[in-house]
Amino acid sequence: MSLIKEIQRRKTFGIISHPDAGKTTLTEKLLLFGGAIQTAGAVKSNKIKKTTVSDFMEIEKQRGISVATSVMAFEYRGLKINILDTPGHQDFAEDTYRTLTAVDSAIVVIDVAKGVETQTEKLVNVCRMRSTPILIFINKLDREGKDAFILLDEIEQKLGIKVCPLSWPVGMGQTFKGVYNLYEKILVLFHPHGKAQEEDTIEIRDIASGELEKQVGEWPAKTLREEVNMVEEIYPPFDKNKYLGGALSPVFFGSAVNNFGVREMLDCFVDIAPTPRPREAAEREVQPTENKFSGFVFKIHANIDPHHRARIAFLRICSGVFERNKNYLHVRLGQQMRFATPTSFMADKKEVIDEAYPGDVVGLHDTGNFKIGDTLTEGEALHFKGIPSFSPEQFRYVENADPMKSKQLAKGLVQLMDEGVAQLFTKETNGRKIIGTVGALQFDVIQYRLKNEYGASCTYEPTNMHKACWVTCDDPKAFKEFQTRRAKDLARDKEGNLVYLAESAWSLKMAQENHPEVQFHFTSEMNGEVSAER
Ligand code: G4P
28 MSLIKEIQRR KTFGIISHPD AGKTTLTEKL LLFGGAIQTA GAVKSNKIKK TTVSDFMEIE
88 KQRGISVATS VMAFEYRGLK INILDTPGHQ DFAEDTYRTL TAVDSAIVVI DVAKGVETQT
148 EKLVNVCRMR STPILIFINK LDREGKDAFI LLDEIEQKLG IKVCPLSWPV GMGQTFKGVY
208 NLYEKILVLF HPHGKAQEED TIEIRDIASG ELEKQVGEWP AKTLREEVNM VEEIYPPFDK
268 NKYLGGALSP VFFGSAVNNF GVREMLDCFV DIAPTPRPRE AAEREVQPTE NKFSGFVFKI
328 HANIDPHHRA RIAFLRICSG VFERNKNYLH VRLGQQMRFA TPTSFMADKK EVIDEAYPGD
388 VVGLHDTGNF KIGDTLTEGE ALHFKGIPSF SPEQFRYVEN ADPMKSKQLA KGLVQLMDEG
448 VAQLFTKETN GRKIIGTVGA LQFDVIQYRL KNEYGASCTY EPTNMHKACW VTCDDPKAFK
508 EFQTRRAKDL ARDKEGNLVY LAESAWSLKM AQENHPEVQF HFTSEMNGEV SAER
């Protein structure tokens, strides 16, 4: 098959949600449709529910499971679908942010009763930064929840995206009768049946017909007709180009656990979702159809077996064909490298592959050569953009607890930071090291992994920091003055970029007011170039 045909048959996306909205359940149903798994329950949730130190073996086990389920590929209607898994736990949100840089679109799952939750808001913000097309699945219609119109308003307001319902619920909870597919104009009736594989459906082609009353009863039939009229009046017709530009999100209703409304959504998704899109590099835009291979590492996963420190680097192919055993340029190191055992992931199976195409993700065996954001090419020095570091929110000083193991500690810290577990800052005034993370759980993970994988011990000391932000300034004199006056609050990140560590929201505000020439950035790109504010 030609490169273009291979590209046209690929859809690479991520499913995002607040924990418990039903991401794992929906993923499983999609895999069942694709025939990638045969039984429900085969996809293990990689949720990390417990957060105490004694649960770390459990966390590590779960991390192990999530390696297998990091990428789940399946074939559906002649297409190759790649689902990139995103950790649900908020302390691993950075992992999710980075995974979103490797997808071409996203499906957002929302619990009908809970509506838009914090984690969903944050993740959709990241999608919006990159104009990633979003499709929304409202889940758990078999339970009582919010009125559909109110929920759609909430989505538009909280997520800042325009929506366009393509299916509409008939009742909810106890009175849930089914969904009307506005895209294909078919009514699909709901018969609760737990975890069965196949949908149990009756189709009504015309909702004006009296058949509707017979099937759902008088009152629900009347309500549906009225609501469908209102939907047609309120919402714009579906416009695929707007969706592809990230400006309009189609919405589906259903119940993932009952496998209801899932096939409608999947069929529409494969029709409209984008094929692999061009990627911005610092140098130029890279088209997937270019003959020369290029790709970037968006995730690094440690091996859970402490005796084998090798890691898996996840590479998203951006252009050309990736081939096993061919020499490629590791742009940051300026070295040629080849890979004897690149792996692809099919649901719960991993296998060595000979070739991979744009949109695919391959796992590369890594002995410490890769950092998140690294690029591989056939020779061109490309640096893909858009793999941001987010401003951390929790900080602690890190101290060496075993003077005999200081080298191990330094190495362990560097490697864990390369994996993107947390960020390391070095104070300008005294050289003390500070770890900054998005979630508190990360500190325990770091301590545990340093001990188990590197034989190093560390202790933490509290700091009174509130936020770290990258600072830049076009006026060298003003920047010098800022650096002199704020010396005690300044540090360098691991790339050497200057970072301002604010003690409180108030001190950040004061610094911004007193130094209007200085720009404060709340995200930075991993390749060292400070950019885009959040
Ligand atoms: P997550 O990955 O987004 O965190 O959510 P997950 O799929 O694990 O689902 C969270 C809980 O919601 C699960 O229940 C799951 O069975 C349930 N669920 C998913 N879809 C639906 C739905 O359409 N209707 C209803 N009523 N529940 C749904 P649990 O009790 O946490 O786990 P389990 O023991 O059922 O696996």
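Just so you know, we're using my numbering here: the sequence shown kicks off at 28 and counts up by one.
In this text, a Cβ means the ideal position worked out from N, Cα and C, and glycines have one as well.
Leaving aside the five residues that flank residue 327 on each side, the residues in its chain whose CB is nearer than 8 Å to its CB run, in chain order, 338, 339, 340, 341, 393, 397, 398, 399, 445, 446 and 447. The count of Cβ pairs closer than 8 Å, one atom from the segment 40 to 52 and one from the segment 132 to 150, reaches three, so the stretches are in contact.
With a threshold of 7 Å, the Cβ atom of residue 169 counts as near the ligand G4P, since some heavy atom of the ligand is closer than that. The segment 516 to 536 makes contact with the segment 455 to 463: 3 or more CB pairs, one atom from each, lie closer than 8 Å.
Excluding five sequence positions before and after residue 127, the CB atoms of its chain that fall closer than 8 Å to its own CB belong to 41, 43, 113, 133, 150, 153, 154, 157 and 159, given in chain order. Closer than 7 Å to some heavy atom of the ligand G4P: that does not describe the Cβ of residue 149. Between the alpha carbons of residue 350 and residue 310 lies a distance of about 24 Å.
Burial state of residue 379 is exposed, judged by a 10 Å Cβ sphere holding fewer than 16 other Cβ atoms. A Cβ-Cβ distance of about 41 Å is found for the pair residue 358 and residue 283, leaving them out of contact under the 8 Å criterion. Only residues of its own chain outside the window of five on either side were considered, and among them 38, 103, 104, 106 and 108 have a CB closer than 8 Å to the CB of residue 297, listed in chain order. For residue 284, the shortest C-beta to heavy atom distance toward the ligand G4P is below 7 Å. Note: residue 142 is bridge-paired with 138 in the DSSP secondary-structure output. Cβ-Cβ distances below 7 Å link residue 303 to 34, 37, 39, 131, 315, 385 and 386 in the same chain, with the five nearest sequence neighbours on each side left out; the list follows chain order. For residue 240, the enclosing alpha helix (DSSP H) stretches over residues 238 to 243. Restricting attention to beta strand (DSSP E) runs no shorter than 3 residues, the segment 242 to 310 encloses them at 275 to 280, ordered along the chain. For residue 54, the number of other beta carbons within 10 angstroms of its own is at least 16, and it is reported as buried. Going by beta carbons, residue 320 and residue 346 fall inside the 8 Å limit.
Under the three-state reduction of DSSP output, residue 369 falls in the coil class, being neither helix nor strand. By DSSP's assignment, residue 549 forms no beta bridge with any residue. Residue pairing by DSSP puts residue 99 in a beta bridge opposite 110.
According to the DSSP assignment, residue 433 belongs to no beta strand (DSSP E) but to the alpha helix (DSSP H) extending over 433 to 446. Here DSSP, grouped into helix, strand and coil, assigns residue 388 to strand. Distances from the alpha-carbon of residue 425 to those of 383, 470, 412 and 410 put 470 closest. The segment 450 to 458 makes no contact with the segment 474 to 491; the number of CB pairs closer than 8 Å stays below 3. Short of 6 Å from the beta carbon of residue 97, and not among the five residues preceding or following it, lie these beta carbons of its own chain, in chain order: 112.
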